[in-house]
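Keeping their order, the protein sequence lines are chains A and B.
Per our numbering, the very first residue in the first sequence carries number 38; after that it's consecutive.
Per our numbering, the very first residue in the second sequence carries number 10; after that it's consecutive.
Shown next, in structure tokens, is the structure this report addresses.
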Amino acid sequence: MLRILDRLEETLIATLIGGATLLIFVAVVHRFASGIPLLYPLMQRIDLSWAQELCIYMFVWMAKFGAAYGVRTGIHVGVDVLINNLEASIRRWVVLFGLLCGALFTFVIGTMGAKFVIALMATDQVSPDLELPSWIVYACIPLGSYLMCFRFLQVSWSFIRTGALPHHDPSQVEGIPPAHDAFHPEGVVR
Amino acid sequence: MNAAFIFGLLFALMLTGMPISISLGLTVLTFLFTMTQVPIESVGLKLFTGLDNFQIMAIPFFILAGTFLTRGGVARRMIAFTVSMVGHWPGGLGLAGVGACAMFAAVSGSSVATVVAIGSIIMPAMVDHGFPRRFGAGVIATSGALGILVPPSIILVLYGVSTNSSIGALFIAGIVPGVMLAVMLGTVTWFVARRNDYPRLPRASWAERFRAFRESFWGLALIAIVLGGIYGGIFTPTEAAAIAAVYAFVITVFVYRDLRIVDVPRVLLNAANLSAMLLYIITNAVLFSFLMTSEQIPQAMAAWIIDRQFGVWTFLLVVNIILLMAGNVMDPSSILLIMAPILFPLAMSLHIDPVHLGILMAVNMEVGLCHPPVGLNLYVASGIAKMGISELTVAVLPWLGTMLLFLVMVTYIPQISLWLPHLLGVR
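Here it is in structure tokens:
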């Protein structure tokens, strides 16, 4: 069950970033093609004025769910200079306090967002270009924040049990060749 | 009083090690709950509208482009090109490393990506050729910092967005300081290498140089697309970033074949992870600067500064000190997002050019990346070079000193940043 949620989260954010990139690329190509007289009649029939708006919505959704994913991968940076110099027993409590504050904050935001979305559902407000119902667009705030809250609780739980925190290593890039594959110019002169 | 409460709470929360984004958000919520009548519901809306800006979307696009380009091929060909040009000079591989970092910085917007991409290829080569590890690590950790000064730069996008300055002008303004810093770092490398008689490579023939250039051409063309496109008014910075991402995908997957198509989803996921983290800090920083503005804190500070008749000179000195201190505890994006909205109105009241302030902040962030305790470049370089942080801290000193000298120059000679944008008439 949790595995399905993880996969869903990963697939969603990867699709959103890839989709948004393609969307803007196509919109730019479309604008260029419209400038060519020969293609103009064809291009004129396609209206892409909504592309920017959709791109923003896709990225806001990606940001909210990606932030939740980020809690799981430990990418959210904090100031750890002080706590790393604390005694282990005190550090444990401080770290736990930090994690629970994260859960509290995201819960409060999620609840505020949920109230806001429910209020919007009663109206027939739509977004300017796409004319999507606004409540669908804003639904990412409660959904993303509650998911993030859940992730913070998950990380706290595993920290209590194992004492380990997820850690993001920026030097680990997939596909970077190991040393033996490195660049070797031939011959050295002293 | 309110200002003291806000900053006190923010620092206290930050020191517990919780994510900076969360401490910003919690500070705002606590303050609004306890001390004001501002309708709390407006905060939820701000979390959405804070990102509702097409310019911000340049950040995930540049990160995606960078994530594709970090996969070896582009960096390796750039290194081959710079080695063929300067490899026969004293400390040839080191100089080539500086040059390759500057070139890679011109296609990638992040410092860490530059260190990883160039460092993981050139470090082992340098060790094989008998350079001491600390020399290589020192060169790469500091030159990698060029990533946030040479356009495109994520830091400059963040500055442009949070102060409403022109991202195009900032990018153009980053070129001259970027090249200058690269030359200065190269000079230091040359001196250190000559004094210690480090190895040189055989001189490459012009035919070899041309071949190396042709092979790295696809990567170099990206510089022309991004800068030419923005400057020529062909597309906006955000569109340029999206084009760069698609272009980077095409060259890494189809031209250089560094990446199989099945690996693409993982690249997307990595880029999304990093972008979402930055976007999350942005949303919370927007909340925080909303609080600052509604409490009129920057305005009060500006009035105080004008009252004391602080000159531009003293103000910039104080700005540098604050930023360098902040660089000891926080990562560049967070510092920028918190400080820019505060410093910007102050600088405006002293008639400092917004572009100059932006470049100055970027150079400060570069310095912060290269020294402990939180300099990310150092950590990444220490991972690549397999050296301890304390040893590496000493190793970077000659280059770090140069960067500080450069910081003073950028601070007090605004023409370094403003000459090119003014010449080209970019605003």
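For glycine and all other residues, C-beta sits at the position ideal for the given N, C-alpha and C.
Nothing here was measured: the structure is a model prediction, and the numbers come from that model.
Is the stretch 172-189 of chain A in contact with the stretch 94-106 of chain A, if contact means three or more CB pairs nearer than 8 Å?
yes
Which residues does DSSP list as the beta-bridge partners of residue 165(A)?
Beta-bridge pairing links residue 165(A) to no other residue.
Residues of chain A with a CB under 7 Å from the CB of residue 192(B): which are they?
Below the 7 Å Cβ cutoff, chain A contributes no neighbours of residue 192(B), its closest Cβ being approximately 23 Å away.
Please determine, among 40(B), 434(B), 317(B) and 90(B), the residue with the shortest C-alpha to C-alpha distance to residue 109(B).
90(B)
Straight-line Cα distance separating residue 376(B) from residue 68(A):
41 Å
How do the stretch 221-241 of chain B and the stretch 39-52 of chain B stand: do at least 3 beta-carbon pairs fall below 8 Å, yes or no?
no
Chain-ordered neighbours of residue 248(B) on chain A, where CB pairs are closer than 7 Å
61 and 65
Find out if the Cβ-Cβ distance for the pair residue 88(A), residue 79(A) is shorter than 9 Å.
no
Check the Cβ of residue 25(B) against every Cβ in chain A and list those closer than 9 Å, keeping chain order.
Chain A residues near residue 25(B): 115, 116, 119, 120, 131, 132, 134, 135 and 138.
Opposite residue 86(B) in the DSSP bridges: which residues?
Answer is none; residue 86(B) lacks a bridge partner.
Using a Cβ-Cβ distance cut-off of 9 Å, determine whether residue 80(A) contacts chain D.
No chain D is part of this structure, whose protein chains are labelled A and B.
Is the distance from the Cβ of residue 310(B) to the Cβ of residue 345(B) below 9 Å?
no
Within the stretch 56-136 of chain A, ranges of the alpha helix (DSSP H) (whole runs, at least 4 residues):
77-81 and 88-110
Taking any Cβ of chain B, which residues in the stretch 86-109 of chain A have a Cβ under 7 Å from it, in chain order?
Residues passing the 7 Å Cβ filter: 89, 92, 93, 96, 97, 99, 100, 103, 104, 106 and 107.
Cβ shell of residue 268(B) (< 6 Å), same chain only, five flanking positions each side left out
Apart from the 5 residues on each side of it in sequence, residue 268(B) sits with its Cβ closer than 6 Å to the Cβ of 80, 261 and 262 in its chain, given in chain order.
Contacting residues, own chain, Cβ-Cβ under 6 Å from residue 418(B) (five flanking each side not counted)
none
9 Å Cβ cutoff, residue 183(A) in contact with chain B
no
Could you name the residues of the same chain whose beta carbon sits closer than 8 Å to that of residue 41(B), not counting the 5 residues immediately before and after it, in chain order?
47, 49, 52 and 300
Sequence ranges, alpha helix (DSSP H) only - wholly within the stretch 71-128 of chain B, length at least 4
With a minimum length of 4 residues, the continuous alpha helix (DSSP H) runs that stay inside the stretch 71-128 of chain B are 82-95 and 101-114.
Residues of chain B with CB under 7 Å from residue 58(A), in chain order?
70, 73, 251, 254 and 255
For my contact list, residue 145(B) and residue 135(B) are in at a C-beta cut-off of 8 Å; report their separation, rounded to the angstrom.
4 Å
Once you ignore the five residues that flank residue 112(B) on each side, which residues in its own chain have a CB closer than 6 Å to its CB?
87
With a CB to CB cut of under 7 Å and the five nearest residues on each side skipped, what residues in its chain are close to residue 2(B)?
A query on residue 2(B) cannot be resolved here, the shown segment of chain B reaching from 10 to 436 and no further.
Between residue 27(B) and residue 103(A), which are expected to be in contact by the criterion C-beta below 8 Å, what is the C-beta distance as a whole number of angstroms?
With 8 Å as the limit, residue 27(B) and residue 103(A) do not qualify as a contact, their Cβ atoms being about 18 Å apart.
Buried or exposed: residue 426(B), going by 16 or more other Cβ atoms within 10 Å of its Cβ?
buried
Hey, is residue 54(A)'s beta-carbon within less than 9 Å of any beta-carbon in chain B?
yes
Contact between the stretch 176-194 of chain B and the stretch 158-167 of chain B (3+ Cβ pairs under 8 Å)
Contact holds: three or more Cβ-Cβ distances are below 8 Å.
What residues from chain A crowd round residue 288(B), counting only those whose CB sits closer than 9 Å?
96, 97, 99, 100, 101, 103 and 104
So, do the stretch 122-140 of chain A and the stretch 185-195 of chain A have three or more beta carbon pairs nearer to each other than 8 Å?
yes
Ends of the alpha helix (DSSP H) at residue 144(B)?
Residues 142-152.
Could you compute how far the alpha carbon of residue 159(A) sits from the alpha carbon of residue 170(A)?
Approximately 11 Å, taken between the alpha carbons.
Please name the residues in the stretch 151-170 of chain A whose beta-carbon is closer than 8 Å to at least one beta-carbon of chain B, in chain order.
Of all residues in the stretch 151-170 of chain A, the ones placed with a Cβ closer than 8 Å to any Cβ belonging to chain B are 152 and 153, in chain order.
For the alpha helix (DSSP H) containing residue 205(A), list its first residue and its last residue.
Careful: residue 205(A) lies outside any alpha helix (DSSP H) and carries neither H nor E.
Compare the C-beta of residue 285(B) against all C-beta atoms of chain A and say whether one is closer than 9 Å.
yes
Can you look up residue 170(A) in the DSSP assignment and give me helix, strand or coil?
Here DSSP, grouped into helix, strand and coil, assigns residue 170(A) to strand.
Helix, strand or coil: which one does DSSP assign to residue 317(B)?
coil
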